[in-house]
Amino acid sequence: MKKILVIYYTQSGQIKDILNSVLKDAEANSVKIDYVKIEPEQEYPFPWKPTSTFYDVFPESVKSIDIPIKALNVNNSEQYDLIILGLQVWYLSPSVPISSFLKTEDAKNILK
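So for the sequence shown, our numbering puts the first residue at 1416; every next one is plus one.
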């Protein structure tokens, strides 16, 4: 059986909906899909407040400044045929939770 690991970050749930839509045929063909959500230790507000928090995250986004994220629940001994990274873009850069994840030991172990 083929296996896919989907690691994603979403605030509104739209990224997860898109991933489900893209992968529905694979799932229908008996492909095992594991979804793992990246979660910051401190969630960002949603919806954003345009006069405060929306602009506050700009420097961290553009400069890829890390934030603490929760450890992922992934079995490192499991072998996947495909790993998909689902993300949203903030200020023409990967969202802060995604860029933070990519610098973790979890990411190094999973994506090697």
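The C-beta atom is built at its ideal place from N, Cα and C for all residues, glycine as well. None of the values given here were measured: they were computed from a predicted structure.
Could you tell me the distance, in whole angstroms, from the CA atom of residue i to the CA atom of residue j?
i: Lys1418; j: Val1437; result: 15 Å
i: Asn1524; j: Asn1490; result: 10 Å
i: Thr1466; j: Val1472; result: 12 Å
i: Val1446; j: Leu1526; result: 20 Å
i: Trp1463; j: Leu1497; result: 33 Å
i: Asp1449; j: Ile1513; result: 18 Å
i: Tyr1495; j: Leu1420; result: 6 Å
i: Ser1427; j: Ser1479; result: 21 Å
i: Ser1508; j: Asn1444; result: 34 Å
Identify, in the order they occur along the chain, each residue of the same chain with its Cβ nearer than 7 Å to the Cβ of residue i, setting aside the five sequence neighbours on each side.
i: Ser1515; result: Asp1481, Ile1482 and Ile1484
i: Lys1518; result: Asp1481
Are the CB atoms of residue j and residue i within a distance shorter than 7 Å?
i: Val1511; j: Leu1487; result: no
i: Pro1474; j: Thr1468; result: no
i: Gly1501; j: Ile1430; result: yes
When DSSP builds the beta bridges, which residues end up paired with residue i?
i: Pro1455; result: Ile1484
i: Tyr1423; result: Lys1452 and Gly1501
i: Lys1418; result: Lys1447
i: Pro1512; result: None; Pro1512 has no bridge partner.
From which residue to which residue does the alpha helix (DSSP H) around residue i run?
i: Leu1396; result: Look at the range of the chain in this structure, 1416 to 1527, and you will see that residue 1396 is not part of it.
i: Pro1474; result: Phe1473 to Lys1478
i: Asn1524; result: Glu1520 to Leu1526
i: Glu1442; result: Gln1429 to Ala1443
Using C-beta distances below 8 Å, list every residue in its chain close to residue i, excluding the 5 sequence neighbours before and after it, in chain order.
i: Glu1456; result: Ile1482, Pro1483, Ile1484 and Lys1485
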